[in-house]
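Worksheet for the structure shown next.
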Amino acid sequence: MAPTGQRIEARGMQIGRFENGKIVERWGSTDELGIMRQLGAAPQPA
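Below you can see the structure in the form of structure tokens.
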């Protein structure tokens with residue numbers, strides 16, 4: 438897929454666990470299907 442220079446939007450979330458004021462673990466999730474749809478690499482919902 439050739440680059441277009443157009444912007445996309447990605448939704449996601451991050452969860453962190455802290456100990457003594459420092460982050461010791463982090464989990465994340467991104468809407469990869471939403472990104473692929475914006476790129477035209479996955480079908481749009483019906």
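Start counting the sequence shown at 438; every next residue gets the next number (our numbering). Built from N, CA and C at the ideal position, the CB exists for glycine as well.
What three-state label does DSSP hand residue i in the structure shown?
i: E469; result: helix
i: Q475; result: helix
i: Q443; result: coil
i: M450; result: strand
Just the C-alpha distance for residue i and residue j, rounded to the nearest angstrom, thanks.
i: K459; j: I452; result: 13 Å
i: F455; j: R463; result: 9 Å
i: R434; j: G442; result: As shown, the chain starts at 438 and ends at 483. That puts residue 434 outside it, with no answer to give.
request  = Evaluate contact between the stretch 446-454 and the stretch 465-482, counting only Cβ atoms and requiring at least three cross-stretch pairs below 8 Å.
outcome  = yes
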